[in-house]
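What the sequence shown shows, in the numbering used here, is residues 344 to 524, in sequence order.
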Amino acid sequence: MKNFNSLTLIFCIQAMFIIISIQSCHCRTFKPKNEKLIESTCKKTPNYIVCINSLKSSPGSSSADVRGLALIMVKVMETKANDALNKIHDLQRVLTGHNQKVALNSCASKYNAILVADIPSATEALQKGDPKFAEDGANDAASEATYCETDYPAGTLPLTKWNNAMHDVAAVTAAIVRSLL
């Protein structure tokens, strides 16, 4: 019985070693090519770090072409816009000053425009093979985030982190889309 348990244990260890070896071999032959595509694409953007971090953390980027990377970045834009809009709604519940409310309402309107118009038009344009309209949507989103930040004196709105994140991701997206033109 002890010999049987020892043989079973040895067999299981060998099987695990083979499985791990196969998976790591597969990754080594596949990843470098697409990592190079991601890196070369991100080098053409205004913010390499934002680009690399966004794409490498997104499922599907390891097998995407440049158009696929652009679509992934549009989804990242959508996430950032939703994050900013959620922060705006949180602030609307706690801030009471008239100027703050006006500023928050204006920013909410800008982020709604990003979510309702810019992102859907960019997605559709990329899916239909018309990158110019996708670039316009990404540039519009970057502008909206900038307007939210610059329409009001510094310190009036505690949204700088979200506005900058939205702007940076949208600018990266526009640059990736531009490479498709």
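Beta carbons are placed, not taken as given, at the ideal position from N, Cα and C, and that holds for glycine.
Shown here, Y495 sits in coil according to DSSP, grouped into three states, outside any helix or strand.
Using a C-beta cut-off of 8 Å, the segment 515-522 makes contact with the segment 479-491, since at least three inter-stretch Cβ pairs fall below that distance. The way I'd put it, the segment 443-452 doesn't touch the segment 409-419; fewer than three beta-carbon pairs between them come closer than 8 Å.
If you draw a straight line from the Cα of C491 to the Cα of T439, it comes to about 19 Å. About 11 Å separates the beta carbon of I415 from that of S405, a gap too long to meet the 8 Å contact definition. Under the three-state reduction of DSSP output, L428 falls in the helix class. Boundaries of the alpha helix (DSSP H) harbouring I395: Y391 to K399, taken from the DSSP string.
If you draw a straight line from the Cα of C394 to the Cα of C385, it comes to about 6 Å. Within its own chain, the residues whose Cβ lies closer than 6 Å to the Cβ of A427, once the five positions on either side in sequence are excluded, are Y454, W505 and M509, listed in chain order. Contact check for N425 and L458: beta-carbon distance about 7 Å, within the 8 Å limit, so the pair qualifies. By the 16-neighbour rule on beta-carbons within 10 angstroms, P474 is buried. Excluding five sequence positions before and after D408, the CB atoms of its chain that fall closer than 8 Å to its own CB belong to L380, given in chain order. DSSP, reduced to helix, strand and coil, places K376 within a helical segment of the structure shown. Between the alpha carbons of A465 and A413 lies a gap of roughly 9 Å. For N390, the CB contacts under 7 Å within the same chain, skipping 5 residues up- and downstream, are D511, A514 and V515 in chain order.
A check of alpha carbon separations from P463 across A477, E487, A451 and T493 identifies A477 as the nearest.
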